[in-house]
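A short write-up of the structure that comes next.
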Amino acid sequence: MESEEVDVVLMDYRMGEGHMTGAEAVGVITERHPSARVLIITMFKQGSLIQRALQEGAAGFMLKESDPEDLISGIRTIANGKTYYSIEVMKAHMDYQRNQMTKNTRIKLTRREKEVLELLVAEYSTSEIAEKLFIGEAGVETHRRHLRQKLEVRNTAGLIREAILRDLVDVTKYKQEY
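Take any residue in the sequence shown, note its place counting from 1, add 9, and you have its number in this note's numbering.
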């Protein structure tokens, strides 16, 4: 298959736990097959994911909820050497860009605070976080308190909401159960 020429690659952004991200896959595909055009179809419209995919060379990006006609149109458009982004994706990307431009200062988190936040988003309990990071539960609570102060929220639900809204975590890394 390595020797065959690829015109269009249709792929999901989320590869599954333990695999590379969609953006990383786009980079590998475009490196190995420079003429290939990649259309990402995903359920995620997080601005940072779209940005990363664009930076790696994706030719198109659309949501799984898009109409089948839009998918066909997207494939045809990128096959003809143009780019294709669904309306929802363009709006999410513009909102992300606007948000990035208007932020005066990015929230500064320590390495440990980032680790605690990632584990909270991944649904780990305080005791599980303490065990995983080799710190005491009081240390986890201290980091959680600092995170609540920095993100100006009252509880863990607020931490998780702000982590996602501010693109502080990559939501594609977490297992989805439906």
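All C-beta atoms, glycine included, are put in the ideal place defined by N, C-alpha and C. Predicted, not measured: the structure shown is a model, and the values here were computed from it.
Query, Result
"DSSP three-state label for L19, please.", "strand"
"Mind checking which residues open and close the alpha helix (DSSP H) that includes R163?", "Unbroken run through R163: none, as it is neither H nor E."
"DSSP state of G90, grouped into three classes?", "coil"
"Which residues in the same chain as I169 place their Cβ atom closer than 8 angstroms to its Cβ, once the five residues preceding and following it in sequence are excluded?", "L129, V130"
"DSSP has G69 in a bridge; who is on the other side?", "L48, Y93"
"What residue range is occupied by the uninterrupted alpha helix (DSSP H) comprising L142?", "135-142"
"Nearest CA to the CA of V180: which residue from M71, R107, R23?", "R23"
"Does DSSP put A131 in a helix, a strand or coil?", "coil"
"Return the CA-CA distance between M10 and A32, expressed in angstroms with no decimal places.", "Because M10 sits at a pLDDT of 45, beneath the cut-off of 50, its placement in the model cannot be relied upon, and the following sentence gives the value as read from the coordinates. Spanning the two alpha carbons is a distance of roughly 22 angstroms."
"For Q106, which of helix, strand or coil comes out of DSSP?", "helix"
"Three Cβ pairs or more, each shorter than 8 angstroms: is that satisfied between the region 100-110 and the region 82-90?", "no"
"Comparing C-alpha positions only, which one of D21, H42, L177 sits nearest to T119?", "L177"
"Decide if E65 is buried, meaning its Cβ has at least 16 other Cβ atoms within 10 Å, or exposed.", "buried"
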